[in-house]
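This report refers to the structure that appears directly beneath it.
This is the structure:
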C-alpha cells in the first residue's frame, strides 16, 4: 500500500491565532461555533462532491450494469426493459437527484451483484473491515508510538536505526505478497493461526450479530471458543496491516518528537532537573498528542480504505473487496453506498481529530 | 586547483560569491547524504537499476518473451538463474526487461502528480479567496476518495493498459502535493521579498513562476522521492488486481500476479518479482529518507 | 571563602566536517554572591557557557575544563543522575522567551510545582502552597487564577515572572539568566528586572546575567565579562565599563546610541581576527 | 515435489527459532461429521430465484433447494433424465402436447403440498418474469401472453402445449434445468411486491421442496444449507452444507490440507499436482460441459479470410497447453458439443503445426498483420492468449492482448467489437441444441439484430443450410437419427466455422478421503449434495 498522507494536514496542530486571550469568552464561543459550523458545512460539501464524482465515474464507465442484471444470454427486449427499470434512460442529473433523495431517506438501493439491499450488505461488510482496521491501528499505535518516541530520544543510536529500517521495510513490502507468505507460514505450515476468512467454519454464524465485530459479539455472548477462533483468524491480517500502520506512525511520531525535543521548554524541564523519561513523556509527548491523533486517524482511515488487497488475500469479507467487486461489475449502487460509508468515515475522522484538538490542546480552548 | 583546495573552497564558511555559496550548500548536502550509509545503498541500487534498464537487451541472458512450455516452472539453476515462469520464460530476463517498465511507471507518475499538485496548490495558495476554496474543496474530495478504488475506477473507465494505469495513479496521487504546495505558498506569500518583488511591479504570474514555484519544488521533490516506493507498490497492486500492464509485458506487479497461483510449490515465480519490487522500493525509500535528512536536517539521525 | 561557582578554562566543542568547532574556548571566572554580567554578540559563546555549566550540552558536543566547581564541589561531567539532583535545586536558569520556554500544554502552577516537588519531595498540597507563594513573590496579584492558567493565557512579562518563580522555587544558589528580558516589551522589562534583582539579593544568590545589551548590564550588574568568539576578552566592574581598554568593548560601547551626548554617526563595530586568539586582557 | 522442501524447511527453521510456544490452535482440525464444508468461488451469485439465477454458483445452490419435474440421478448422470416430482409423462400423437403426472405426498419446505398447480405456475412465472433463463422455456413457443394457456394443470397433471413437435429429449432436458424448478406458489405470492412475482424476496430466500433449505446466504462470503428432514427421497446424510467463498486456489489448498474444509473446487493444476502426494486427500476428475474456444470476428478484414481461419486452427498449441498450464483441467476438444452430450463428437483433427499454418497463409499471400484480442483477466485465458501470441509471432502475425474485467469483455463482445475472443461457453441446459443454437445458428447477422448467439457476436453469417440443419435437429423424435444429425452439423462446422472450440473443462474437486459420492454435476448438470456422505 501506498503510505498514507500526512503532509497535507499541517494545519491541525498549528499555533493559535493571535489575539486569543482570555476574557473574550462570548466572542470566542461564537467564533468557535461558527468555525465548527463551517467545518461541518465543508465536510458536507466534500461528501456531496464525493458522491457526484463517483456518480459521474459510474456513468461514464464502459461497464454496462444492465448486462449484469439481465445476464449474458438476454435478448434486446429483456435488456431494454431492465434499462428502463434502472432509470438509465433519464438524464444524468435527474438520476443523481433521484439517487440523492433516496440516500437522504436512508435507502441506498439494491445491489445488482449481490441481489441484496446495499444497506444490508454494508452492515455486513463494513464491520468486518472496521474490526480489522481497528485492531491493525491498535497494533500500529501500541508499537509504533513507543518506537517513534524512543527513536527520537535516542536519535542516531542503534534503536533509531532499527526503527528506521523497520519502517522503511514496512513501506517497501508488497502487502499481498507478504500476506500470502504469512498465510503459508503461520497457517499452512505452523498452524498457529486460523486460515482465510473471519471465522472457522464451525463457528460461522453461531454468535448472534450485535455490533458486527465478531470479537466483541462473541465476548458479549460469552462464547470464549468463538472469540479465540475469531482472534486466531484476525491476528495475522491485523498484524500485517498493523505493521504498515506501525511504519507510518513510528516515523511520524519520531519526527514530531524531534521537533518538540528541540523546543525551549524541554530545556526548561531539564534545567528543573527532571528525569529524561519525565522530560520525554510528560513534557514533549503531551505536546505531540494532537498531531499524533491526526496521524493515527489518517492511518486508520487509510486502513479502512486501503485494505482491499489484504482482504482479497485473506478472503476477508470487507468493504474494500465489496466495492472493488461492485466496481468491476458496474454495480453502481453498491459502489456509491460503499463510497458514502468510507467518505463519511474519512470526514468523521477529520471531524474527530478536530474536536480532539479542541479538547486536548489548551490553546484551542 | 588541487582536490584539497576545491574542497576547502566549497566548505568555506565565508563564501565570496553567490555561486560559491550555492555550490557550497550543494556540496554540504552531498556530504551529509554521503554520510548516510543506508541512503548510499539506496542510491547505488537505483543507479544499478537505471543501468540495467538502459542496457536490458544486452544484459538479459534470454529473450523475455520466448516461451517453452516444456521448460515451465523450472527452479533456479545454471541455465535459468532465477528459474522459469508458467510459460517457461526466463524470470531473470523478464525482471531485467521489467526494470524499464518500473522506471517508466515511477518516472511518469512522479512527474505528473507533483506538477498537477504544484499547479493547483500554488494557484490556490497564491490566489486565495474563492479560488482557494474551490480548489481545496476539490482536493479534499479527491483525498476523501478511497485511493485504490479511485484508481480502479479510472482504469476501468479508460481501459486497462500501462499508460492508463500510470494516468490513474497520477490522478489519484496529486492531492497531497497540492496541499503541501499550498502550505508552502502561504508561507512564501507573506515573505518580505515577495512584497519587495511586488513593489517592483512583478505581476502575479511572474511571482508565481519566478518566486513561488522554485521554492516549493524542493519539498515536493523530497515528497516525491518518498512516494516513489508507494507508486511502485500501487502499480503492483493494480497489476495484482489484473489491471495495469498488458501481457506479455514483464511488469513486476503483473509477474507476481502471474506467480501467485504457483506460490505453494513454485515459490520463486512470485518471490523473485516480489523481491525485486521490495528491493527497488526499499532503495527509493532509503534515498528519499536520505534526501529528507539533507533538505530538512532536523529530521535526520543528526 | 570559596566562590559559589568557579570556572577555569572551560571549553565547549562540536565536531563538524571542517574539524572541531570551538564554541567556548577557555573561559574562566569565579562567581560569588553577586550579579555577574556576560556580554557579547550572538555567537560569542555566552549562552553556550551557561548551558555548559548546567551540563546541558548534549553529545556530540564536548565540554572540558580545568575546573568547574559549584560551591567547592566539582560538577564537570558528573553522571547524569547526579547532575539532575543539582540542576534546578542548586543551580538554575531562566531563559529568553517565556512563549517558548514554558510548556504550552501544562498549567503554569503544575510547571512551578513540578520542579519543587521533585527536589523537596513534598506533598501535592504543599507544592501548591509553595507555588502560590512564589507567584505572589514575583508580584502576581492573582496567584490562584494564574496557577490554573496555561502559558498562552498569560502575557509575556507575566510569563517571565512565572519562569522566575518556577526556577527560584527550590531555592538554588546560582541562577543563570540567559537574556531574560530581551523578548519583553520595554515597559515590563524593568519591572521583571526589579523583581529578579530583589529576589536574588534577598536570597543571597549568585546571578549570571547573560545579555547582549551593554547598557542594561552596566546598570544591573556588579561585574561584567565581555566575550568574543568563545573567549573572554575583558573583565571589569560594571561601573568602570566606560573605561574599558579592549578595542572590542570600546567598539561595543561606541555603537550604542547615547542620550547624554549626541553622536554624529554610530560607529560600525570593528572586528579583528587577532582578537580571536589574543590572550584576554584583564584576567587575573 | 522436491521443490517444495527447501522453502518449507527454511520457514520451519526460522519459525521454530522465533517462538514455538505461541501456538494457538491445533495444527490439524477436522470438520464436524454431519457437515460438508466446501471452498468455492461463489462471488458470481446475484440471485437464488430459479426464474432469474443463471450463474454457475447460483445454479449450484438452486439445484439443491428445489426439485424439478424431471431430473438427473446424481449417482448415475449418464442414465439421463429420470422422473422426479413428475412420476411419469406422456407425449401426444402429434408430439406437441406433453402431459406430466405429479408424485403424491411431496411437501415444500413450508409444509405446503407440492401440487400440479405449483409446477404449472412456476413455469408460467419464469416465462412472465422474463429474466435471463426464460429463453430456455420460450424455445417451445411460450410467451408472456400465451403461457397461461400453453402451460396448464388438471388435477395432478401438468400439461405443456408446444408450438412444434420437438424431440422429447430436448423438452425434458430443458425442464431438468434450474429454470424448471418447482416453486411453492402460496409462499412466494405471500411475499410478492407489485408485479415482481416475489422475485425480490425469492432472490435471497428459498421456497422449494429440494433436499436442502437455505440457512443463510451472505454474498461473497458463504452459503449455508440445512438438510430438509422430510425430503421425499429421504433426508440427506449431510445435516449442513457450508459453501465458503475462497478466491485463491492456494488458500483453498491450505484450508484443505489443514482439514478445515472437506472439498476444494477451484484448485489450479499446479495445486492439484501439489496435493497428489497427500494421503489424506483425493482428487476426482469430472468432465464438465464448458468449452474453451476462440472466436474470430468476421468483421475483421484479416480474420474473415478463410485461409486465416484455417491457419489459426494450426497455431494453437493444443497438446502443449493441455500438458502444461491446463493440465488435468482442460482436455483438447475441437467440437462445439461437449463430450457427454447427446451427439457429442470426439474427433480432434487439428494439431499444432506452425509450418502448415505458414504454408496456408503463404498460399493466401498473408505474411503479416496485427489483430487484437480482448481477454478476461483469468489466468488460464491469459496464458492461452500469450501462447497463441508467441505462435502467431512465428508466422509474422502480431496479437495484441488487452486484458479486461468480465463485465467489460462481455460488453465489448456483445457489441461485436472483439476481433479475437478467447473464453468459455457453458451449456445452458442438458440438450445439444443449447450449443448448436449458439455456435452454429445465426438467423440475422445484422448489427442491430441484438442477438446473443456466439455466431452473431463474432459476426459470422452462418450458411443457411447449417441454420436449417440446427433447427431441424430439435424436431427429430428418433434419438439415433438426432445424434447423427448433430455429428453431421459438427463435421460441416469444423470445415468452415471461425469460432474454434479448443478445450473441454474437467473439474478437479479435491476432497478429504472420507468424502464419498461427490458430483459436480458432470457435463449436463450442477453440483448435487444429497447423496454425499462422510465416513
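Chains as they are written, first to last, in full-length UniProt numbering: chain A, 1 to 365; chain B, 1 to 302; chain C, 1 to 284; chain D, 1 to 535.
We put the CB at the ideal spot given by N, CA and C, even for glycine.
Check, Outcome
"Positions along the stretch 141-153 of chain B whose CB lies within less than 7 Å of some CB in chain A", "141, 143, 144, 145, 146, 147, 148, 149, 152 and 153"
"Short CB-CB distance (under 8 Å) between residue 45(B) and chain A", "no"
"Unbroken beta strand (DSSP E) run spanning residue 35(C), endpoints", "35-39"
"For residue 376(D): DSSP bridge partner residues", "404(D)"
"Assigned exposure category for residue 90(A) - 16 Cβ within 10 Å defines buried", "exposed"
"Counted within 10 angstroms of its Cβ, other Cβ atoms place residue 242(C) as buried (16 or more) or exposed", "exposed"
"Ranges of the alpha helix (DSSP H) found wholly within the stretch 474-530 of chain D, counting only runs of at least 4", "479-496"
"For residue 321(A), the first and last residue of its enclosing alpha helix (DSSP H)", "319-328"
"Chain A contacts made by the stretch 280-293 of chain B, where a contact means CB separation under 7 Å", "281, 282, 285, 286 and 289"
"Beta-carbon proximity check, residue 240(A) vs residue 323(A), cutoff 8 Å", "no"
"Cβ-Cβ distance between residue 238(B) and residue 230(B) below 8 Å", "no"
"Residues of the stretch 259-276 of chain B with Cβ closer than 9 Å to any Cβ of chain D, in chain order", "260, 261, 262, 263, 264, 265, 266, 267, 268 and 271"
"Cα-Cα separation, residue 6(C) to residue 24(C)", "16 Å"
"Interface flag, residue 116(A) vs chain C, CB-CB below 8 Å", "no"
"Cβ of residue 271(D) within 8 Å of any chain A Cβ", "no"
"Test item: CB-CB of residue 191(A) and residue 314(A) under 8 Å", "no"
"Inside the stretch 193-253 of chain B only - alpha helix (DSSP H) runs reaching at least 4 residues", "213-240"
"At least three beta-carbon pairs within less than 8 Å, the stretch 170-189 of chain C to the stretch 91-99 of chain C", "yes"
"Cβ-based contacts, 8 Å cut-off: residues of the stretch 218-248 of chain D near chain A", "218, 219, 220, 221, 222, 224, 242, 244, 245, 246, 247 and 248"
"Spatially closest choice to residue 232(C) from 32(C), 49(C), 82(C) and 19(C), by CA coordinates", "49(C)"
"C-beta atoms of residue 303(B) and residue 386(D) nearer than 8 Å", "The question about residue 303(B) has no answer here: the residues shown for chain B are numbered 1 through 302."
"Residue environment, residue 78(D), which counts as buried when at least 16 other CB atoms sit within 10 Å", "exposed"
"Short-range partners of chain D found in the stretch 29-56 of chain B, where Cβ spacing is below 7 Å", "none"
"N-terminal and C-terminal residue of the alpha helix (DSSP H) that residue 288(B) is part of", "267-295"
"Boundaries of the beta strand (DSSP E) in which residue 332(C) is found, first to last residue", "Absent from the model: residue 332(C). The displayed extent of chain C is 1 to 284, so no value can be given."
"Anticipated Cβ contact below 8 Å, residue 441(D) with residue 470(D), distance rounded", "4 Å"
"Residue 142(A) burial status per 10 Å Cβ neighbour count (16 or more: buried)", "exposed"
"Residues near residue 44(A) by beta carbon distance below 7 Å, same chain, minus five either side", "none"
"Residue(s) in a DSSP beta bridge with residue 291(D)", "425(D) and 504(D)"
"Chain-ordered chain B contacts of residue 17(C) [CB-CB under 8 Å]", "11, 28 and 31"
"Through-space distance from residue 259(D) to residue 24(D), alpha-carbon basis", "Low confidence applies here, because residue 24(D) scores a pLDDT of 40, under 50, leaving its location unreliable and the question unanswered by this model."
"Nearest-angstrom Cβ-Cβ length linking residue 504(D) and residue 316(D), presumed shorter than 8 Å", "Actually they are not in contact, since the Cβ atoms of residue 504(D) and residue 316(D) sit about 14 Å apart, beyond 8 Å."
"Cβ of residue 401(D) within 8 Å of any chain B Cβ", "yes"
"Beta-carbon proximity check, residue 330(C) vs residue 164(C), cutoff 8 Å", "The question about residue 330(C) has no answer, for chain C in this structure spans 1 to 284."
"Three-state class that DSSP yields for residue 29(C) in the structure shown", "strand"
"Coarse secondary structure for residue 149(B), derived from DSSP in three states", "helix"
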